[in-house]
Every structure is written in structure tokens, then in C-alpha cells.
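Participant:
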Amino acid sequence: VRRLFKDVFSISQDSDFMLHEPASHDDVYAYEYEDGPGPNCNRLAFDLKGGPKSPWNDKVVGLLLEELHRRVNQESWPFRRSEAYFKEVLQDRYKHLRTVWIAAQPKKLVMTLGDAGMSSEESDVENDIETVLRVKNMTWRRAIERELDIIDHQRMVDDDIF
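Heads up: the sequence shown at position 156 corresponds to 156 in our numbering, and the numbers run straight through without jumps.
1. Decide yes or no for the touch test of the region 73-84 against the region 49-57: beta carbon pairs closer than 8 Å, at least 3 of them.
2. Am I right that Y248 and V61 are in contact with their C-beta atoms under 8 Å? What's the rounded C-beta distance?
3. With distances taken from CA atoms, which of P106, I102, L65, H96 is nearest I86?
4. Where S123 and I129 are concerned, what is the direct C-alpha to C-alpha distance, given to the nearest angstrom?
5. Rank E147, E67, Q13 by C-alpha distance to the C-alpha of C41 and give the top, closest one.
6. So which of K136, D152, I102 has the shortest CA-CA distance to L48?
7. Suppose contacts are defined by Cβ-Cβ distances below 7 Å. Is V100 in contact with F17 by that definition?
8. Determine the direct distance from the alpha carbon of D35 to that of D152, and round the result to whole angstroms.
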């Protein structure tokens, strides 16, 4: 299964999946609600905002399952597994790679704040007076990354509340 994902998505390790270009929202919407063509067999892409059992991702997993069966038969694997087993393994692999992809995406709050929301790392020197900027650790800011991760995770789980 790992080799299948490496070949189909052109990745050599899991961390390479962070550069995966997800299926466009318009394509996913057209497939689910307007009889759109669905995933392209030549350039598979997951809907990373959807779960493993969304119609789009279910179709991608189905296409991967077909390719896996072809490889099992072509390579004469010494053991046989049920289709349900392989489908579950493919879905688990998707879940893991989706986690890798989500972790690599910029945090929404950081993107919203932009450069103006960042603290300055350089001090300006004017009139021979050097200004030194000091960071004051506020207790409410100490674990903000953990809170941002919780918010981003909740947005992925249920984006209807945002």
C-alpha cells in the first residue's frame, strides 16, 4: 500500500505529501451534487477537506483499490486479503497522510494577522540611539500554538460552525 501511494502521488516519504495539491472545491462539488466527472485517473487528488468516506474520496480509494488488485495479480502476491481489508488499509493511509498535510498548512490566525501581526526581529538605529525591543511573555500567550491547533483541527472536523 505504501508503494502504491508513493507511485500514484509521486512521494518518497510521508512528509512529501504536505505538497499534495488537493482536488478543487468546484470539482468535488460538481461530482457530489451535479453529476461532475469525478477524480481524474491520470492525476488522482484527494479532497483533503473531506473524510475518507466522502463520495469523492471514496471514489479515489476505489480507484486505488483497483490498482492494488491489479498489482496483487500481476506480482502474484503469496497471500490474499479481502477487498474490505484492503479498502480499510487504504482509508487508514489516507487519514494518516491527511494529518501530515493538515499539519503542514499555515495556521489560519497567523495568515490573517500577516506581517503586521508579527513581532519585529530587527531593531532600527536612528540618531545613534539603538532601540532594543523586548518580548514580554504574557501568560495568556504562552500556549497559543496548542489552541491554534485545536481550532484548526475543529475547523477540519466540522467546518459548518465557522
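Here a beta-carbon is modelled for each residue, glycine too, at the ideal position from N, C-alpha and C.
Facilitator: With the given structure in hand:
1. With a cut-off of 8 Å, the region 49-57 and the region 73-84 do not count as touching, because too few Cβ pairs lie within range.
2. Lying before the first or after the last residue shown, residue 248 is absent from the chain, which here runs from 1 to 162.
3. Checking the sequence shown, residue 86 turns out to be Phe, not Ile. The option with the nearest alpha carbon to F86 is L65.
4. The pLDDT assigned to S123 is 47, lower than 50, so where the model puts this residue is not dependable, and the model offers no usable value.
5. Measuring from the Cα of C41, the nearest candidate turns out to be E67.
6. If we check each option's Cα against that of L48, I102 comes out closest.
7. With contacts defined by Cβ atoms closer than 7 Å, V100 and F17 form a contacting pair.
8. Going by the C-alpha atoms only, they are around 31 Å apart.
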